[in-house]
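Participant: Residue numbers (the UniProt record's numbering): 1 to 805.
By construction, the Cβ of each residue, glycine as well, lies at the ideal position given by its N, Cα and C atoms.
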Amino acid sequence: MSLLHLAVLLPLIFALIIPFVYRFHKRIHIGWFVLPIPVVLFIYFLTQISTTMSGDTILKQAKWMPHFGMNFDLYVDGLGLLFALLITGIGSLVVLYSISYLSRQEQLGNFYCYLLLFMGAMLGVVLSDNIIILYLFWELTSFSSFLLISFWRDKQKSIYGAQKSMLVTVFGGLSLLGGLILLTMLGGSTSIRTLIAHASEIQISPLFILAMVFVLIGAMTKSAQFPFYIWLPDAMEAPTPVSAYLHSATMVKAGLYLVARMTPIFAISQGWIWTVTAVGLITLFWGSLNATKQEDLKGILAFSTVSQLGMIMSMLGIGAVSYHFEGAESKLYVAAFTAAIFHLINHATFKGSLFMITGAIDHATGTRDVKKLGGLLTIMPISFTLTIITTLSMAGVPPFNGFLSKEKFLESMIEVTHANLFSLNTLGLLIPIVAIVGSIFTFVYSVRFIGQVFLGSHKPDALPNKAHEASKLMLVSPIILAVLVIVFGFAPSILSSSIIEPAVNAISMKDNAHAEFHMFHGFTPAFFTTLGIYVVGILLILSFAYWVRVLKAQPTQLTINYWYDKLGEWTPQFSKKLTNSYVTGFTRNNLLIIFAALIILTIVTLSVTPFHINFKDVSAVRPFELIIVVLIITATAMIIFAHSRLFSIIMASAVGYAVAIFFIFFGAPDLALTQFVVETISTALFLLCFYHLPNLNRHQETQSFKWLNVIISVGVGIVVTVIGLIAYGNRHFGSIGEFYKTHVYDLAHGKNMVNVILVDFRGTDTLFESSVLGIAGLGVYTMIKLRTKNKANDQGGNHVEETEK
């Protein structure tokens with residue numbers, strides 16, 4: 001196993017170790033033990049930058065289940081390395097921040113276990129070359145994020161948000177699984193590199209569009225795109241370190257990573273270009289519009305995250321246009337990929353810092369309600385300074401890094417309207433319009449964020465706590481991110497050739513990325529658009545009190561959340577009614593449904609599938625076999641018509657003994673012996689049980705003859721017989737019994753073939769069967785002990801009552 005494999009597995013390994021460390025070392029905040037893990041990983045991935053800068057990649061393979069195409073293969077290129085750096089870099093700052101945010105009275109062992117579990121899962125997603133392994137890590141991110149969001153499980157809103165995120169993202173995960181299976185079938189490989197290399201073969205398949213739709217649903221649920229964004233605002237009930245990590249730099253970016261990674265396969269389709277672009281722009285507009293009316297600080301950041309994710313998604317859609325052109329024209333649209341990657345980095349810096357500052361404000365004042373906040377400028381000057389830097393970056397105001405990527409975004413949206421492709425030069429005129437409107441509202445909620453918290457009058461009586469500046473340790477992480485906002489704004493060249501260009505080349509597959517950013521590009525359409533955004537945004541801020549009433553007047557019935565909650569109410573009710581309609585508590589009814597389904601499904605399958613029955617090789621029926629069959633049928637009929645339970649037990653035992661005689665005639669004395677033992681013990685147990693039941697000799701009421709039972713019984717017999725004959729007449733492989741006969745002695749060194757099969761050839765199966773028996777035994781023992789304990793408690797309680805009397 002390589003060092004790269006160890007880097008991915010290290011957080012998962014420590015996720016198991018940290019709870020035990022926490023249990024025995026509670027004097028020191030456990031976060032200090034966790035912090036070196038992401039720091040070391042970040043440094044390790046930094047050392048790989050030189051490799052991707054030179055155009056090389058790293059592939060480390062480890063065989064796991066090669067017969068199933070499941071190998072733990074890891075692949076590092078510019079795109080994977082970018083995400084690995086974000087996961088470990090932001091992860092390091094989040095761990096450092098959480099040390100001061102979470103007190104030692106919290107269940108820190110659980111928290112850091114979940115956090116490391118999530119970190120390892122995210123690294124697995126972005127570095128896996130095998131799509132099956134990618135899917136396993138993908139679902140692990142959903143599971144671990146559920147645990148993190150519901151960390152404060154005593155709060156009902158936390159449980160609700162965790163459940164919603166789990167339902168939406170797991171639904172997307174199942175869709176993604178379908179898409180990945182289709183890709184494997186079409187490309188003949190589970191390797192992402194191989195699938196991309198054979199993209200032309202996949203693109204001509206009639207299942208290509210279906211695979212694309214499945215993959216997009218998976219990506220858009222994870223990245224909170226419209227209409228799947230509803231889980232993200234409710235997930236803000238998680239602790240702030242979780243929000244800063246999951247919802248600014250990692251989990252929500254997993255969908256963006258998937259779209260970027262799959263672009264070389266699907267970019268040939270106009271459905272991919274239009275869907276990714278349109279959904280991204282709608283999400284940008286809808287998220288920014290809803291952010292303006294939020295009154296909770298984390299609610300504002302939640303919808304702003306939705307908006308920013310939509311913005312990046314739309315740029316990935318525009319960048320896919322480059323696959324339809326060559327040369328300079330292709331390079332023109334590759335610039336959209338460049339803008340997307342740069343803004344992805346910028347968003348991680350300013351949004352991560354904003355989440356941490358919001359947590360500091362909540363920590364210091366005891367509230368996130370903007371109606372109670374205000375006037376904190378002089379009380380929290382450092383937090384105010386950090387908020388100014390990061391919020392203006394989010395608004396796209398110079399000289400911060402967000403302005404540079406926002407300008408590139410506007411350029412891409414305007415430039416694509418000149419493409420003579422897929423109606424982009426006609427219907428595509430809507431693209432820059434929606435982009436501009438969304439950017440205007442982004443400017444509005446960003447500027448208002450500053451004013452609502454730090455400007456205006458201070459309201460000490462409305463605050464649960466006396467406002468004060470956050471602790472120094474809590475401010476370290478947001479200060480580092482704010483410094484990066486400034487550095488990347490003034491010196492974006494630090495990222496250009498080292499991070500951005502290798503990542504863009506990994507998406508475009510053309511090695512023609514050129515990442516160059518300037519504060520002033522001249523009097524271009526993007527420049528005048530930006531000025532317009534500022535002017536209109538300021539006017540909307542000044543008139544905010546008037547038009548926001550329209551937004552808040554939106555009927556609840558017209559929201560997606562309303563219908564999600566309604567569906568959550570209706571589904572259990574419908575399921576309960578449906579289940580009660582066939583689960584009546586009677587074994588007969590359950591068996592009736594099961595056997596009827598078996599008959600119907602078998603008939604349908606045989607009617608649409610050609611089959612062959614071979615009677616030539618069927619053995620002749622010997623007289624004694626016929627006698628035993630008649631005996632079994634007679635005994636079975638007597639069970640049905642018997643009025644004595646004792647007689648029914650004896651006849652059932654006769655059926656079992658007759659089957660055992662069959663085993664003897666067919667040369668299986670060991671099975672016959674087992675059958676004799678089982679029948680004898682079962683009969684004895686039945687007699688013992690029925691001895692304690694009333695009315696042993698007669699039924700209370702006369703049983704009417706049921707034709708439906710007869711039809712089902714006869715049908716099951718016919719179906720099983722036909723299946724057996726078909727299976728016998730369609731043998732495509734030799735019997736495995738010959739292998740056992742040949743190698744029972746030389747491989748297993750035994751003479752009893754049955755024992756050797758159970759202990760050696762099928763030893764694992766036997767081990768698990770023994771484990772099941774052991775678990776069942778423990779369950780029985782536990783129930784007996786609980787019953788004994790309850791009886792003792794009841795007797796003690798009665799004794800106390802008698803004493804009191």
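(1) Using DSSP with H/G/I as helix, E/B as strand and the rest coil, what is His699?
(2) Tell me the residue span of the alpha helix (DSSP H) that contains Val618.
(3) Does the region 146-157 come close enough to the region 67-76 to have 3 or more Cβ pairs within less than 8 Å?
(4) Does the count of Cβ pairs from the region 532-547 and the region 345-353 closer than 8 Å reach three?
(5) Among Ala291, Leu41, Leu567, which has the Cα closest to the Cα of residue 820?
(6) By the three-class DSSP mapping on this structure, what secondary structure does Asp234 have?
(7) Do you know offhand how far residue 810's Cα is from Arg261's?
(8) Any idea which residues DSSP pairs Ser175 with across the strands?
(9) Among the candidates Gly78, Leu592, Val279, whose CA atom is the shortest distance from the CA of Gln225?
(10) Could I get the ranges of all uninterrupted alpha helix (DSSP H) runs contained in the region 715-742, with 4 residues as the minimum, in chain order?
(11) With a threshold of 16 other CB atoms inside 10 Å of the CB of Ser191, please say whether the residue is buried or exposed.
(12) Can you give the beta carbon distance from Gly172 to Thr221, rounded, assuming they're within the 8 Å contact cut?
(13) What does DSSP give as the partner residues of Ile58 in its beta bridges?
(14) Whole angstroms is fine: what's the gap from Leu626's alpha carbon to Ile711's?
(15) If we count the other Cβ atoms within 10 Å of its Cβ and call it buried at 16 or more, is Lys620 buried or exposed?
(16) For my contact list, Val99 and Gly31 are in at a C-beta cut-off of 8 Å; report their separation, rounded to the angstrom.
(17) DSSP three-state call for Lys253: helix, strand or coil?
(18) In or out: Met356 buried (at least 16 other Cβ within 10 Å) or exposed?
(19) My output table needs one value for Trp152: the three-state DSSP class, helix, strand or coil.
(20) If we count the other Cβ atoms within 10 Å of its Cβ and call it buried at 16 or more, is Met519 buried or exposed?
(21) Determine the DSSP secondary structure at Lys466, reduced to helix, strand or coil.
(22) Leaving out five residues before and five after His468 in sequence, what residues of the same chain have Cβ atoms less than 8 Å from its Cβ?
(23) Opposite Lys63 in the DSSP bridges: which residues?
(24) Leaving out the 5 sequence neighbours to the left and right, which residues in its chain are closer than 8 Å to Pro492 when beta-carbon positions are compared?
(25) In whole angstroms, give me the CA-to-CA distance for Glu295 and Val370.
(26) Looking at the secondary structure, which residues open and close the alpha helix (DSSP H) in which Asp41 lies?
(27) Taking the C-alpha atoms as reference points, what is the distance between Ile500 and Leu484?
(28) For Ser191, which beta-bridge partners are listed by DSSP?
(29) Using only alpha-carbon positions, find the residue among Ile436, Phe137, Tyr728 that is nearest to Asn614.
(30) Based on Cα-Cα distance, which residue from Ile450, Leu495, Val321 lies nearest to Leu421?
(31) Under 8 Å, with one C-beta from each stretch per pair, do the region 266-282 and the region 422-442 reach the 3-pair mark?
(32) Tell me which residues share the same chain as Pro227 and place their Cβ nearer than 7 Å to its Cβ, disregarding the 5 neighbours each side in the sequence.
(33) Let me check one thing: in DSSP terms, what residues is Asp296 bridge-paired to?
(34) Would you kindly work out how many angstroms separate the C-alpha atoms of Asn697 and Ala635, rounded to a whole number?
(35) From what residue to what residue does the alpha helix (DSSP H) around Asn755 run?
(36) Indicate whether Phe214 and Ser269 have their beta-carbon atoms separated by less than 8 Å.
Facilitator: Reading it off the structure:
(1) A caution first: His699 carries a pLDDT of 46, below 50, which makes its placement in the model unreliable, though a value can still be read off. Coil at His699, not helix or strand.
(2) Taken as a continuous stretch (DSSP letters only), Val618 belongs to no alpha helix (DSSP H), as it is neither H nor E.
(3) no
(4) no
(5) With the chain running from 1 to 805 in the structure shown, residue 820 is simply not present.
(6) helix
(7) This structure gives no information on residue 810, because the portion of the chain shown stretches from 1 to 805.
(8) None; Ser175 has no bridge partner.
(9) Val279
(10) none
(11) buried
(12) Contact holds; Cβ gap of about 3 Å.
(13) BP columns for Ile58 point to Val76.
(14) 24 Å
(15) Position check: residue 620 holds Ala in this sequence, whereas Lys was assumed. That one is exposed.
(16) Reading the sequence as shown, one finds Ile at residue 99 and not Val. With 8 Å as the limit, Ile99 and Gly31 qualify as a contact, their Cβ atoms being about 4 Å apart.
(17) DSSP places Lys253 within a helical segment (H, G or I) once states are collapsed to three.
(18) buried
(19) coil
(20) exposed
(21) coil
(22) Only residues of its own chain outside the window of five on either side were considered, and among them Ala364, Ile379, Met380 have a CB closer than 8 Å to the CB of His468, listed in chain order.
(23) According to DSSP, which records beta bridges pairwise, Lys63 is partnered with Asn71.
(24) In its chain, beyond the 5 residues on either side, Phe342, Asn401, Leu404, Ala515, Phe517 have a beta carbon closer than 8 Å to the beta carbon of Pro492.
(25) Cα-Cα distance, rounded: 5 Å.
(26) According to the sequence as given, residue 41 is Leu; it is not Asp. Counting along the chain, the alpha helix (DSSP H) containing Leu41 begins and ends at 36-46.
(27) 15 Å
(28) Asn130
(29) Tyr728
(30) Of Ile450, Leu495, Val321, the residue nearest in Cα terms is Val321.
(31) When Cβ pairs closer than 8 Å are counted between the two stretches, the region 266-282 is seen to touch the region 422-442, the count reaching three or more.
(32) Ile560
(33) Secondary-structure assignment with DSSP links Asp296 through a beta bridge to Asp369.
(34) Reliability fails at Asn697, whose pLDDT of 49 lies under 50, so the model's placement of it is uncertain and no value is given.
(35) 753-756
(36) no
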